[in-house]
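A.B. asks: Here the numbering used here is used: the first residue of the sequence shown is 47, the next is one more, and so on.
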Amino acid sequence: MPNPAPEPAPAARLAASRGPAALAACLLFAVVAGIYLPALSHPFITYDDPVYVSENPHVAAGLTWAGIRWALASTEASNWHPLTWLSHMADAQVFGLHPWGHHLTSVLLHALSSSLLLLALFRMTGALWRSALAAALFGLHPLHVESVAWIAERKDVLSGLFWMLTLLAYAAYARRAAERRPAWGAYALALALFALGLMSKPMVVTLPCVLLLLDYWPLGRFRAATMRAGLRIAAEKLPFLALSAVSCLITLRAQAGGDAVASAAEFPPGARAANALVAYCAYLGKCLYPHGLAVFYPSFAEPPPLRDALLAAAALGAVTILAAALARRAPYAAVGWLWFLGTLVPVIGLVQVGGQAMADRYSYLPLVGIFIWAAWALGDLAERHCRLRRPLACLCCAAVAGSAAAAEHQLSYWRDGETLFRHAAAVTKDNWVAHANLYATLKRRNDPGAGEELRQTMAILAAFAEKHVRRGEALEKEPGRSAEALEEYRTAVGIMPDLAGPHEALAAALARTRGGMPGAIAEFREAARLEPESGDAHYNLATALASTPGGRSEAITEYESATLMSPENFQAHFNLAYLLSSVPGRGGDAASEYGEAVRIRPGSVEARFNYGLALAALPGRSGEAVAQFEEVLRLRPGLAQAKAMISRLRGR
């Protein structure tokens, strides 16, 4: 990448503008806080708030030594973020479980982060109004409402605060280093603040790469650097990268332990890559036109249409080429674009965590890169074309005012759980999370509409699970893909563990796998438990049990249940009779079951022959046995075994 032309902001220019910058930061703090103050009247919601605050006994107890020890070790909610837990505990200590206090902290943290972003950009560039525009868009964009209005997303605004503080500390370090003054104190401070950010939310692992981008522009540290100096600048990031690596390992372990990470079989790499491409464009689209925002965007672990993935790849490629082409004349374009692309990597879906396709909160820090590009591009345009300054100033004011109005409108959907989840269900398709939380919200106040929401939730999930079952059935027909089929069935069971069908499909597949019978029996047993009135469920369990040593006694019981619930099931009667015939004292029962099998299927030679054998073993029923063997001969003339039994019975 070519070296950028602009020089870093001179110290004199920074000093002269320090007062206006502080004033602008205070004004931005007031505006952002004012827009979000209505959140103080909002309650807790049923989605994650109980886990993080309202029903978490560790948090509700406030700041205690036991709570602090728990926060440092806990991976609850499939993450390690002790500082976030401690912030919730501090709120509980001060405000109790009154939601207004918890909302107040989040609002103040976001407003402060907006002001700090302004100051950090100003310190690095000396461009006050451009810095103010980028920071205002960050503070007021409606995509960020979710991070601020959702108490459970405290980790976003808290990690954002430490992100901005790290930028400020690093800017101070870079300036001191450029002036050849002692700088290691500022460096250590930046590293410590970064560590605190990681302890708030692991998504900040990409910050070392952003610092390297900022070294290129606006800090310009690579401009006149020798190869050795350039390597030293890069090496400065090694301690940051080491902390990132540790955070990644802890996070992956926490998420895997909580079964939050989707397997490659459940969500194949190709599908992940396609979804990531489309998601990048979706974030950009919602940045430009924030419409249809929802608390949850469902993912069905399926790739988007190939056309969408190809169009997304082409669009991203075109913007990347444009940013690279502008690198010399407008280095902020490359820096802003790479900031956006890079900071989204942990949550873009390459490692699929949870059931969402994307999330508004994931754009909290990545969109800063887009805002920087936009603010500096508009500033350059105004400098080159004096006649455009007033229209561009009006455009910037309109963008900020429009963002503020849209944020205020989006915030209104968070006024209570019912409004939030009804909106999510309305702007998305098959949103089981929205319907499930709407059910929980309505049920708490005994609203009769709760039942319908539960029905919709179950219907969506059942259809979702059925897709995986059908996919598993298709994979089983392809040679060498039985393991993938099993994963599909397991995914279906995970989606709808209270539905018997996926358990039965998984059990049948396991029964066909070497060594899989114990697992098959367990799944068949669960299916029978879930559908105790289903004759097929009991029949399948009985058949599996009958094939194992020591399982025949229980198999008889299950076959008896199957015949009671499905009296026309020929095979259930036949198999039950076969097992009963080997049990001392139950020959009569065996004969009765064979009789039922013959009644259902009178043309079955095997059933009639066995029925004759069972009758022949009973006192005084030889005549009936002969009649059955004669019928066997009518159905299959010349069958030697039947002739032999007739001769033997008549010779008695």
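Built from N, CA and C at the ideal position, the CB exists for glycine as well.
Can you list the alpha helix (DSSP H) stretches of 4 or more residues lying completely in the segment 463 to 547, in chain order?
C.D. replies: 463 to 473, 478 to 490, 496 to 522, 528 to 541
A.B. asks: In terms of DSSP beta bridges, what is residue 404 paired with?
C.D. replies: Within the sequence shown, numbered from 1, the residue matching residue 404 stands at position 358. Answer is 343.
A.B. asks: Could you spell out where the alpha helix (DSSP H) holding residue 603 opens and where it closes?
C.D. replies: Residue numbering aside, residue 603 sits at position 557 when the sequence shown is read from its first letter. Looking at the DSSP string, the run of the alpha helix (DSSP H) that includes residue 603 is 598 to 611.
A.B. asks: What's the gap between the Cα of residue 302 and the Cα of residue 467?
C.D. replies: Within the sequence shown, residue 302 is the residue found at index 256, counting from 1. Within the sequence shown, residue 467 is the residue found at index 421, counting from 1. Rounded to whole angstroms, residue 302 to residue 467 spans 28 angstroms at the Cα level.
A.B. asks: Inspect the beta-carbon positions of residue 126 and residue 296 and report whether they are closer than 7 angstroms.
C.D. replies: By 1-based counting over the sequence shown, the position of residue 126 is 80. By 1-based counting over the sequence shown, the position of residue 296 is 250. Yes; because the gap between Cβ atoms is below 7 angstroms, this pair is in contact.
A.B. asks: Can you grab the Cα-Cα spacing for the pair residue 203 / residue 160, in whole Å?
C.D. replies: Position 157 of the sequence shown, counted from the first residue, corresponds to residue 203. Position 114 of the sequence shown, counted from the first residue, corresponds to residue 160. Using only the alpha carbons, I get a separation of about 10 angstroms.
A.B. asks: For the alpha helix (DSSP H) that contains residue 563, what are its first and last residues?
C.D. replies: Numbered from 1 along the sequence shown, position 517 holds the residue referred to as residue 563. Its alpha helix (DSSP H) spans residues 563 to 576.
A.B. asks: Here's a check: name, in chain order, each residue in its chain whose Cβ is nearer than 7 angstroms to the Cβ of residue 572, leaving out the five neighbours to either side.
C.D. replies: On the sequence shown, residue 572 is found 526 positions in, with the first residue counted as 1. If we look at residue 572 and ignore the five residues flanking it on each side, its Cβ neighbours are 549.
A.B. asks: Are there 16 or more other CB atoms within 10 angstroms of the CB of residue 687, so buried, or fewer, so exposed?
C.D. replies: Counted from its first residue, the sequence shown places residue 687 at position 641. Exposure of residue 687 is indicated by the presence of fewer than 16 other C-beta atoms within 10 angstroms of its C-beta.
A.B. asks: Secondary structure at residue 677, three-state DSSP: helix, strand or coil?
C.D. replies: For this step, residue 677 is matched to residue 631 along the sequence shown. Here residue 677 sits in helix by DSSP.
A.B. asks: Report all residues from its chain with a CB closer than 6 angstroms to the CB of residue 656; omit the five preceding and five following residues, and keep chain order.
C.D. replies: Taking the sequence shown and counting its residues from 1, the one referred to as residue 656 is at position 610. Result list for residue 656: 640, in chain order.
A.B. asks: May I ask you to verify whether the segment 257 to 276 touches the segment 368 to 381, counting CB pairs closer than 8 angstroms and requiring at least 3?
C.D. replies: yes
A.B. asks: Alpha carbon to alpha carbon, how far is residue 509 from residue 317?
C.D. replies: Position 463 of the sequence shown, counted from the start, is the residue given in the question as residue 509. Position 271 of the sequence shown, counted from the start, is the residue given in the question as residue 317. Answer to the nearest angstrom: the Cα atoms are 20 angstroms apart.
A.B. asks: Which first and last residues belong to the alpha helix (DSSP H) in which residue 247 is found?
C.D. replies: Sequence index remark: in the sequence shown, residue 247 carries index 201 (1-based). Counting along the chain, residue 247 falls outside any alpha helix (DSSP H), and DSSP gives it neither H nor E.
A.B. asks: For a quick check, are the C-beta atoms of residue 188 and residue 456 less than 7 angstroms apart?
C.D. replies: Walking along the sequence shown from the start, residue 188 turns up at place 142. Walking along the sequence shown from the start, residue 456 turns up at place 410. Yes, Cβ-Cβ distance for residue 188 and residue 456 is below 7 angstroms.
A.B. asks: What are the boundary residues of the alpha helix (DSSP H) that residue 117 is part of?
C.D. replies: The count along the sequence shown starts at 1 and reaches residue 117 at position 71. Counting along the chain, the alpha helix (DSSP H) containing residue 117 begins and ends at 111 to 119.
A.B. asks: Are the beta-carbon atoms of residue 709 and residue 248 separated by less than 7 angstroms?
C.D. replies: This structure cannot speak to residue 709, because the chain is shown only from 47 to 698.
A.B. asks: From which residue to which residue does the alpha helix (DSSP H) around residue 283 run?
C.D. replies: Here residue 283 refers to the residue found at position 237 of the sequence shown. Note, residue 283: premise wrong, no alpha helix (DSSP H); not H, not E.
A.B. asks: Sort 441, 294, 417 by Cα distance to residue 428 and report the nearest one.
C.D. replies: Taking the first residue of the sequence shown as position 1, residue 428 is located at position 382. Considering only alpha carbons, the answer is 441.
A.B. asks: In angstroms with no decimal places, state the Cα-to-Cα distance between residue 670 and residue 660.
C.D. replies: The residue labelled residue 670 in the question sits at position 624 within the sequence shown. The residue labelled residue 660 in the question sits at position 614 within the sequence shown. Distance between the alpha carbons of residue 670 and residue 660: 10 angstroms.
A.B. asks: Would you call the segment 147 to 167 in contact with the segment 219 to 236, where contact means no fewer than 3 C-beta pairs closer than 8 angstroms?
C.D. replies: no
A.B. asks: Which same chain residues end up closer than 8 angstroms to residue 475 when comparing Cβ atoms and leaving out the 5 residues on each side of it in sequence?
C.D. replies: The residue labelled residue 475 in the question sits at position 429 within the sequence shown. The answer, listed in chain order, is 344.
A.B. asks: Check whether the Cβ atoms of residue 561 and residue 535 sit closer than 7 angstroms, and answer yes or no.
C.D. replies: What you label residue 561 is simply residue 515 of the sequence shown in a count that begins at 1. What you label residue 535 is simply residue 489 of the sequence shown in a count that begins at 1. Their beta carbons are not under 7 angstroms apart, which means residue 561 does not touch residue 535 by this criterion.
A.B. asks: Anyone know if the C-beta pair for residue 647 and residue 675 falls short of 7 angstroms?
C.D. replies: Reading the sequence shown from its first residue, position 601 is the one you call residue 647. Reading the sequence shown from its first residue, position 629 is the one you call residue 675. No, Cβ-Cβ distance for residue 647 and residue 675 is not below 7 angstroms.
A.B. asks: Tell me which same chain residues have a C-beta within less than 6 angstroms of the C-beta of residue 336, skipping the five on either side of it?
C.D. replies: The sequence position of residue 336 within the sequence shown is 290, counting from 1. Cβ neighbours of residue 336 beyond the five flanking positions: 188, 189, 452.
A.B. asks: Within 10 Å of its beta-carbon, does residue 177 have 16 or more other beta-carbons around it, so buried, or fewer, so exposed?
C.D. replies: The sequence position of residue 177 within the sequence shown is 131, counting from 1. It is buried - the Cβ of residue 177 has at least 16 other Cβ atoms within 10 Å.
A.B. asks: Any idea if residue 332 is buried or exposed, counting beta-carbon neighbours within 10 angstroms, 16 or more meaning buried?
C.D. replies: Indexing the sequence shown from 1 puts residue 332 at position 286. The residue is buried, with at least 16 neighbouring Cβ atoms inside 10 Å.
A.B. asks: Would you tell me roughly how many angstroms separate the C-alpha atoms of residue 504 and residue 612, rounded to the nearest one?
C.D. replies: Reading the sequence shown from its first residue, position 458 is the one you call residue 504. Reading the sequence shown from its first residue, position 566 is the one you call residue 612. Rounded to the nearest angstrom, the two C-alpha atoms are 27 angstroms apart.
A.B. asks: Ends of the alpha helix (DSSP H) at residue 81?
C.D. replies: Here residue 81 is taken as the residue at index 35 of the sequence shown, counted from 1. Its alpha helix (DSSP H) spans residues 64 to 82.
A.B. asks: Given a cut-off of 7 angstroms, decide if residue 408 and residue 393 are closer than it, judged by their beta-carbon atoms.
C.D. replies: Locating residue 393 in the sequence shown gives position 347, where the first residue counts as 1. Locating residue 408 in the sequence shown gives position 362, where the first residue counts as 1. Contact flag set, yes.
A.B. asks: Is residue 194 closer than 7 angstroms to residue 98 when the C-beta atoms are compared?
C.D. replies: On the sequence shown, position 52 is the one that residue 98 refers to. On the sequence shown, position 148 is the one that residue 194 refers to. No, these two residues do not count as a Cβ contact at 7 angstroms.
A.B. asks: With DSSP collapsed to three states, give me the class of residue 107.
C.D. replies: Start at 1 with the first residue of the sequence shown, and residue 107 comes out as number 61. Coil, per DSSP.
A.B. asks: Go through its chain and collect everything with a Cβ distance to residue 156's Cβ below 6 angstroms, but skip five positions before and after it.
C.D. replies: Position 110 of the sequence shown, counted from the start, is the residue given in the question as residue 156. Once the five neighbours on either side are set aside, the close Cβ partners of residue 156 are 194, 203.
A.B. asks: Since residue 657 is in the alpha helix (DSSP H), which residue starts that stretch and which ends it?
C.D. replies: Mapped onto the sequence shown, residue 657 falls at position 611. Element bounds for residue 657: 651 to 662.
A.B. asks: Return the residue from the list 445, 470, 371 that minimises the CA-CA distance to residue 341.
C.D. replies: Indexing the sequence shown from 1 puts residue 341 at position 295. Checked all of 445, 470, 371; the closest Cα to residue 341 is 470.
A.B. asks: Apart from the five residues on each side of it in sequence, which residues of its chain come closer than 6 angstroms, Cβ to Cβ, to residue 626?
C.D. replies: For this step, residue 626 is matched to residue 580 along the sequence shown. Answer for residue 626: 632, 635, 636, listed in chain order.
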